[in-house]
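The sequence shown begins at 3 in this note's numbering and counts up by one.
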Amino acid sequence: MKRETLIIVRGAGDLASGTILKLHNIGFDVVALECEKPSAIRRRIAFSEAVYRNEMTIEGVTARLVSDVEEMEAVLADREIPVAVDPECRLVKILKPFAVVDAILAKRNLGTTREMAPITVGLGPGFCAGKDVHAVVETMRGPHLGKIYYQGEAIPNTGIPGKVGGYDKERVLHSPCAGIFRSKCEIGTVVRKGDVLAYVGNEAVCTGISGVVRGMLPDGFAVTKGFKVADVDPRMEQLGNIDSVSDKARCIAGGVVEAILYLRNKMQRENGSRKHPEPPGTACKESVERDTKKLMDILNIDPERHRIISVVGAGGKTSLIYQLAVELRELGYRPAVTTTTHIQAEGRFGFSPIGTPCEEGKLRALSKEVFDQLTEQYDVVLVEADGSRHHPLKVPAEHEPVIPKQTDLVIGVAGTYAIGQMFMEGCHRWELACEHFGVHPQDRITKQDLEMILNSEFGQKKNVKCEYRTYINDGSILK
């Protein structure tokens, strides 16, 4: 195993497993450390189950219990995840990873220090960035979930679970007494309010709400009074997601990846290096390295002046934004990706977009107050400020685009694959194209049409009150 790609994650519960999976999938060698008797209740999405079952597979990735470094190296060579019982973190001194992530989520620090590795990240309350660890990732549900602190602490623990489906503390069941836990149903069971889910000794554990059993301790687990033993999700539609990593875990994982890459690039920059390759296995690695700074040069972007960049139009806005984010990161800047309309929640190249969760798989605009804080936390904010329903060309409606007034640079985008299509096929809001530009719905779009719409105040230049650039995406850069 190579130290420069090795990350140790303390804890392998359901939220930690989201981080482990993300780091593994982008090419890092990940080793998970657990205690002798893990107490994760969402066991079907927790790599900690490998401690009990010797192996555990989540979303196609397998973790295996190992007992020594030789077994660990063999598991890593098979592109799997070693899980070792090492609550004292002795393996850190032996393996010397370049990063340690404390994902135990104990609401307190159980021994992680900045001296453990060049990069250390703590999840949730109990850590102080700049003191205990190099960075802290927010774990509380809400607009700050996944936020990174490079100084200070996460939001203190309230003791109340995040609200889901209108319920918070009612979702989580606790032991009524000390004793041995015995379940009466399995994860994935549909239950009604008042049903008995388990017993601790002779005391029944009943659910206060109807829903789907999302988590439950294994049989025979010794618990104390008040110990968390089960979790019921009131959203019946979640029945099909029992074996999928949660949205919360994915959001936290995105914060961890961003923190690690930022801190790594910062160290390399301070050591005099200006070129930072992507982690091994990252998608589109070759094209990213080949095209480093190409878009920045083409669009004449100065990160010191262009702190908020809004991208409008159609035919490659999202791809352009993430490519710019990669190039900014390569230069040592911290970019954020967000939206004033809607954006897919799943990010690219290790970036997770920042927004307010809405319909499945998407984020909508942040509140003004939260958006205003982004420039304090990031060097450059990249904003997807328009929607196009996957068309390669667009003419904006009266309420579009939604450009933040603080924007320093607007980039108008159109895709060359619109050329040759009829306006009624390739242009979003083609009726407005006919109204403003005198075209017919069945006219074929030309390159001149793209240029005309990109540079018109009825087109992508609408409402622009700052510097403006245009970009015609021919697919040669944006993959």
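Glycine is no exception: its CB is placed at the ideal position from the N, C-alpha and C atoms.
Is the beta carbon of Gly148 less than 8 Å from the beta carbon of Ile9?
-> As a working note, residue 148 is residue 146 in the sequence shown. As a working note, residue 9 is residue 7 in the sequence shown. For Gly148 and Ile9, no; Cβs fall outside 8 Å.
Using alpha carbons as the reference points, say which of Glu361, Leu330, Leu365 and Lys370 lies closest to Phe351.
-> Counted from its first residue, the sequence shown places residue 351 at position 349. Among Glu361, Leu330, Leu365 and Lys370, the Cα nearest to that of Phe351 belongs to Leu330.
Below 8 Å between beta carbons: does that hold for Gly164 and Gly256?
-> The sequence position of residue 164 within the sequence shown is 162, counting from 1. The sequence position of residue 256 within the sequence shown is 254, counting from 1. No; because the gap between Cβ atoms is not below 8 Å, this pair is not in contact.
For Ala420, collect the residues of the same chain with a Cβ closer than 6 Å to its Cβ; drop the 5 residues on either side in sequence, then sort them by chain order.
-> As a working mapping, residue 420 is identified with position 418 in the sequence shown. Contacts found: Pro394, Leu395, Gly428 and Ile447.
For Gly20, which of Val247, Val135, Ala131 and Arg66 has the nearest alpha-carbon?
-> Taking the sequence shown and counting its residues from 1, the one referred to as residue 20 is at position 18. Selected option, being the one with the closest Cα: Val247.
Sequence-distant residues of the same chain with beta carbon closer than 6 Å to Val484, five excluded per side = Lying outside 3 to 481, the shown extent of the chain, residue 484 is not represented and no answer is given.
Looking at the C-beta of Gly389, does it have a partner C-beta in chain D at a distance below 8 Å?
-> Note that chain D does not occur in the displayed structure, where there is just one protein chain.
Could you check if Gly161 is buried or exposed, using at least 16 other CB atoms within 10 Å of its CB as the buried criterion?
-> For the purposes of this step, residue 161 is taken as the residue at position 159 of the sequence shown. Exposed is the call here.
Smallest Cα separation from Leu472: which of Val94, Gly242 and Gly318?
-> Along the sequence shown, read from residue 1 onward, the residue named residue 472 stands at position 470. Correcting the residue type first, residue 472 is Thr in the shown sequence and not Leu. Ranking Val94, Gly242 and Gly318 by Cα distance to Thr472 puts Gly318 first.
For the segment 217 to 233 against the segment 70 to 85, are there 3 or more C-beta pairs whose distance is under 8 Å?
-> no
With Gly20 as the anchor, note down where its alpha helix (DSSP H) starts and where it stops.
-> Residue mapping note: residue 20 aligns to position 18 of the sequence shown, counting from 1. Counting along the chain, the alpha helix (DSSP H) containing Gly20 begins and ends at Asp16 to Asn27.
List the endpoints of the continuous beta strand (DSSP E) containing Cys208.
-> As a first step, residue 208 must be located in the sequence shown, where it is residue number 206. Cys208 -> beta strand (DSSP E) spans Glu205 to Cys208.
Compute the Euclidean distance between the alpha carbons of Val215 and Val412, then round it to the nearest angstrom.
-> Working through the sequence shown from its first residue, we reach residue 215 at position 213. Working through the sequence shown from its first residue, we reach residue 412 at position 410. Val215 and Val412: Cα-Cα distance of roughly 48 Å.
Can you give the Cα-Cα distance for Glu82 and Asn56, rounded to whole angstroms?
-> The residue you call residue 82 lines up with position 80 of the sequence shown. The residue you call residue 56 lines up with position 54 of the sequence shown. Approximately 13 Å, taken between the alpha carbons.
Contact set for Tyr151: own chain, Cβ-Cβ below 6 Å, skip 5 residues either direction = Taking the first residue of the sequence shown as 1, we reach residue 151 at position 149. Result list for Tyr151: Ala131 and Val138, in chain order.
Any idea which residues DSSP pairs Val174 with across the strands?
-> In the sequence shown, counting from the first residue as 1, residue 174 sits at position 172. Paired residues: Asp233.
Per-residue DSSP class, three states only, for Phe223 = For the purposes of this step, residue 223 is identified with residue 221 of the sequence shown, where counting begins at 1. Correct three-state label for Phe223: coil.
Determine contact between the segment 295 to 311 and the segment 367 to 386, defined as no fewer than three beta-carbon pairs at a distance below 8 Å.
-> Three or more Cβ pairs drawn from the segment 295 to 311 and the segment 367 to 386 lie within less than 8 Å of each other, which places the two stretches in contact.
For Gly440, is the classification buried or exposed, using 16 other Cβ atoms within 10 angstroms of its Cβ as the cut-off for buried?
-> The residue labelled residue 440 in the question sits at position 438 within the sequence shown. Under this definition Gly440 is an exposed residue.
For Val169, collect the residues of the same chain with a Cβ closer than 6 Å to its Cβ; drop the 5 residues on either side in sequence, then sort them by chain order.
-> What you label residue 169 is simply residue 167 of the sequence shown in a count that begins at 1. Looking at the sequence provided, one finds Tyr at residue 169 rather than Val. Result list for Tyr169: Ile211 and Pro236, in chain order.
Sub-8 Å separation of Ala347 and Gly363 beta-carbons = Taking the first residue of the sequence shown as 1, we reach residue 347 at position 345. Taking the first residue of the sequence shown as 1, we reach residue 363 at position 361. Yes, the pair counts as a contact, with Cβ atoms nearer than the cut-off.
Give the DSSP-derived three-state secondary structure of Pro89 in the structure shown.
-> By 1-based counting over the sequence shown, the position of residue 89 is 87. Annotated three-state conformation of Pro89 is coil, per DSSP.
What is the rounded straight-line gap between the Cα of Ala119 and the Cα of Pro220?
-> Here residue 119 corresponds to residue number 117 of the sequence shown, with the count starting at 1. Here residue 220 corresponds to residue number 218 of the sequence shown, with the count starting at 1. Between the alpha carbons of Ala119 and Pro220 lies a gap of roughly 34 Å.
Of all the beta strand (DSSP E) runs that stay within the bounds of the segment 89 to 137, which reach a length of 3 or more residues?
-> 101 to 104 and 121 to 125
Would you report the Cα separation of Gly422 and Ala416, rounded to the nearest angstrom?
-> Along the sequence shown, read from residue 1 onward, the residue named residue 422 stands at position 420. Along the sequence shown, read from residue 1 onward, the residue named residue 416 stands at position 414. If I take the Cα positions, the gap works out to 14 Å.
Are there 16 or more other CB atoms within 10 angstroms of the CB of Glu239, so buried, or fewer, so exposed?
-> Walking along the sequence shown from the start, residue 239 turns up at place 237. With fewer than 16 other beta carbons inside 10 angstroms of its own, Glu239 counts as exposed.
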